Amino acid sequence: MNFLKYICVLFPLLAMAQIGDIEPDSTDVKYIIIEGDSIPRTAIDLDEVMLLHELKFDGKEDRIRYLILRRKTIKVYPYAKMAAERLDSMNKRLASIEKKRHKRKYAKRVQKYIEGEFSDELKKLTRTEGQILVKLIHRQTGETAFNLVKELRNGWRAFWYNTTASMFDISLKREFDPLNVKEDYLIEDILQRNFQSGRLERQKSATKYDFFDLTNKWLKPTTNNQ
Numbered sequence: 002m003n004f005l006k007y008i009c010v011l012f013p014l015l016a017m018a019q020i021g022d023i024e025p026d027s028t029d030v031k032y033i034i035i036e037g038d039s040i041p042r043t044a045i046d047l048d049e050v051m052l053l054h055e056l057k058f059d060g061k062e063d064r065i066r067y068l069i070l071r072r073k074t075i076k077v078y079p080y081a082k083m084a085a086e087r088l089d090s091m092n093k094r095l096a097s098i099e100k101k102r103h104k105r106k107y108a109k110r111v112q113k114y115i116e117g118e119f120s121d122e123l124k125k126l127t128r129t130e131g132q133i134l135v136k137l138i139h140r141q142t143g144e145t146a147f148n149l150v151k152e153l154r155n156g157w158r159a160f161w162y163n164t165t166a167s168m169f170d171i172s173l174k175r176e177f178d179p180l181n182v183k184e185d186y187l188i189e190d191i192l193q194r195n196f197q198s199g200r201l202e203r204q205k206s207a208t209k210y211d212f213f214d215l216t217n218k219w220l221k222p223t224t225n226n227q
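In my numbering, the protein residues as written are 2 to 227.
In structure tokens form, the structure reads like this:
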């Protein structure tokens with residue numbers, strides 16, 4: 002599964018200094034201006050909470066499949082989240098580099114870093130975990146793993162990696178499509194539940210879907226979406 006290290010080739014080698022958090026002054030008060038009057042704002046802003054449906058399964062095998070999918074999704078989501086973070090950092094860094102020669106040098110450093118730090122972990126993923134990771138990379142970045150490899154390496158290498166991946170029944174071109182693929186909807190369901198429980202750290206998705214519309218589509222008894 003050596004090809005998996007290339008789907009996360011967007012992780013850059015950035016030497017960043019740690020900046021300590023500055024504790025806010027406990028006397029600071031935010032004010033809301035209403036018709037010229039300043040009103041102290043002492044209320045606490047709460048994060049939006051999504052009310053999720055109760056999980057129901059058609060039988061024992063259906064429940065087991067969901068639990069296996071949940072375990073695999075929780076395992077690979079942090080890689081996809083990291084990919085999105087590193088892509089953002091890399092794009093900002095490349096935008097600040099003017100000379101193409103320096104850009105290539107920077108990209109080579111990134112590749113060397115990935116191969117040294119992440120390939121061993123990614124090679125341990127199973128086929129299904131690798132495919133879920135490919136989908137989640139698309140969910141978090143808005144780009145397929147194939148396009149990310151193509152952008153950072155070249156078209157031929159991206160084609161070769163995708164061909165190699167296909168031998169394991171994995172497509173680097175696979176998109177995250179919960180509207181048309183029920184397994185992708187279940188992955189989204191798993192993510193939302195684990196975001197709320199705090200087991201996974203929420204990261205804004207680059208792909209936009211209405212989760213309640215998806216739930217209505219896939220779980221309505223009168224709708225045949227098998």
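From the three backbone atoms N, C-alpha and C, an ideal C-beta is built for every residue, glycine too.
This structure is a prediction, so every number in the text was calculated from the model and none was measured.
{"Item": "For residue 180, the nearest candidate out of 121, 164, 212, 81 (CA to CA)", "Value": "212"}
{"Item": "Pair within 8 Å by beta-carbon distance, residue 141 and residue 207", "Value": "yes"}
{"Item": "Anticipated Cβ contact below 8 Å, residue 139 with residue 86, distance rounded", "Value": "In fact, because the Cβ distance is near 15 Å, the residues do not count as touching under 8 Å."}
{"Item": "Classification of residue 147 by the beta-carbon crowding that lies within 10 angstroms, buried from 16 upward", "Value": "buried"}
{"Item": "Residue nearest to residue 71 in terms of C-alpha spacing, selected from 215, 210, 185", "Value": "185"}
{"Item": "Assigned secondary structure, residue 203 (DSSP; H/G/I helix, E/B strand, else coil)", "Value": "coil"}
{"Item": "Sequence-distant residues of its chain with Cβ nearer than 7 Å to residue 132 (five each side left out)", "Value": "171, 175"}
{"Item": "Backbone secondary structure at residue 79 - three-state DSSP", "Value": "helix"}
{"Item": "Pairwise C-alpha distance: residue 165 and residue 109", "Value": "22 Å"}
{"Item": "Residue 183, enclosing alpha helix (DSSP H) - first and last residue", "Value": "183-198"}
{"Item": "CA-to-CA distance, residue 84 to residue 100, given in whole angstroms", "Value": "25 Å"}
{"Item": "As assigned by DSSP and simplified to three states, the class of residue 89", "Value": "helix"}
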